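Scroll down for the structure; my scribbles are underneath it.
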Amino acid sequence: MKNKLLSIYRKLYSTFGSQGWWPASTPFEVTVGAILTQNTSWSNVEKAIDNLKSRKLLRAKVLYRLPEKSLARIIKPAGYYNVKAKRLRNFLKFFIQRYHASIRRMASVKAMVLRNQLLAINGIGPETADSIILYALHKPVFVIDAYTKRILLRHGLIKDSACYEDIQRLFMHNLKRSGEMFNEYHALLVKLGKDFCLKHKPKCHCCPLKKI
DNA sequence: GACCAGGCACATC
DNA sequence: GATGTGCATGGT
316 MKNKLLSIYR
326 KLYSTFGSQG
336 WWPASTPFEV
346 TVGAILTQNT
356 SWSNVEKAID
366 NLKSRKLLRA
376 KVLYRLPEKS
386 LARIIKPAGY
396 YNVKAKRLRN
406 FLKFFIQRYH
416 ASIRRMASVK
426 AMVLRNQLLA
436 INGIGPETAD
446 SIILYALHKP
456 VFVIDAYTKR
466 ILLRHGLIKD
476 SACYEDIQRL
486 FMHNLKRSGE
496 MFNEYHALLV
506 KLGKDFCLKH
516 KPKCHCCPLK
526 KI
């Protein structure tokens, strides 16, 4: 399994190159994006983030002062805007109260402790929590998403019944813990998922992983 | 017009 | 514990 996961990574990297994730200019912007991108295409999230940026709202305390209704209107292009406004505010409350709106303070906590704290927030599930920990704080946790599961399933590396933590363990127990690599690997899986899994049939001959 | 997107919580059985 | 449903915009 170790060799398999590593050869998939190498093949993806040699095919697609570095993906430059996360596409954001600050760690705080990553956390906002992680919540907004739940079940939503990134292009829609970008519009919502641009709205926040142009209004100079991309700071925790400033954003938290905004009424929920106003926030919902501004992030509308990201879809599910009412639930996401709530979820964002749930995170902001936590971030301000527990870490004084400081990314540095939040990053000083052990990854698994923070993960549990994030999971206790209504609206933050495993993928969002891990995205924040990996892409905003650069700590080595592997992010699992729908593409990752679909790809591993197609290549017979997991069972359909595998849950989020099962798949995460597969990567984390079989690869060297490297935030840099986990960052790239997950982004590459998303790239493969977007470019091939949706446009082609399973195991189609032009998939870069066909011989893996 | 149908289908999909870088999920999650909640209701129901 | 598994399964179904609501949440919503914008691109293909």
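Residues 316 to 527, numbered by the working numbering, are exactly what the first sequence covers, in order. Just so it is clear, CB atoms sit at the ideal spot from N, CA and C, and this is done for glycine as well. Small disclaimer: the values here were computed from a predicted structure and weren't measured.
Own chain, CB closer than 7 Å to residue i, minus 5 neighbours either side, in chain order
| i | result |
| --- | --- |
| Y328 | E499 and L503 |
| V458 | E442, D445, S446, L449 and H501 |
| L532 | The structure shown does not extend to residue 532, since the chain is modelled only from 316 to 527, so the question has no answer here. |
| G508 | Y462, R465 and I466 |
| I270 | The structure shown has nothing for residue 270, since the chain only spans 316 to 527. |
| N405 | I436, N437 and G438 |
Endpoints, alpha helix (DSSP H) assigned at residue i
| i | result |
| --- | --- |
| T463 | A461 to R469 |
| A363 | W357 to S369 |
| I350 | P342 to L351 |
| Y379 | A375 to R380 |
| D445 | P441 to S446 |
| S476 | No alpha helix (DSSP H) holds S476; DSSP gives it neither H nor E. |
| M421 | I418 to A422 |
| M316 | From DSSP, M316 is part of no alpha helix (DSSP H); its letter is neither H nor E. |
| H453 | Taken as a continuous stretch (DSSP letters only), H453 belongs to no alpha helix (DSSP H), as it is neither H nor E. |
| F511 | No alpha helix (DSSP H) holds F511; DSSP gives it neither H nor E. |
| L504 | G494 to L507 |
| L429 | A426 to L434 |
Candidates the options: closest to residue i by CA position
| i | options | result |
| --- | --- | --- |
| D445 | R484, L386 and R413 | R484 |
| W336 | I418, D481 and E495 | E495 |
| F486 | V456, I390, R420 and D510 | V456 |
| S417 | N318, Y479, E344 and Q334 | E344 |
| T341 | H453, I482 and A477 | H453 |
| C478 | F497, K506, G440 and V505 | G440 |
| M427 | L351, E480 and D510 | E480 |
Sequence-distant residues of the same chain with beta carbon closer than 6 Å to residue i, five excluded per side
| i | result |
| --- | --- |
| T346 | I447 and A451 |
| L381 | none |
For the pair the segment 364-382 and the segment 465-485, tell me if three or more CB-CB distances fall below 8 Å. no
If you pair each beta-carbon of the segment 349-359 with each one of the segment 392-410, do three or more pairs fall below 8 Å? yes
Whole runs of the alpha helix (DSSP H) within the segment 376-415, excluding any shorter than 4 residues: Runs found: 383-389 and 396-414.
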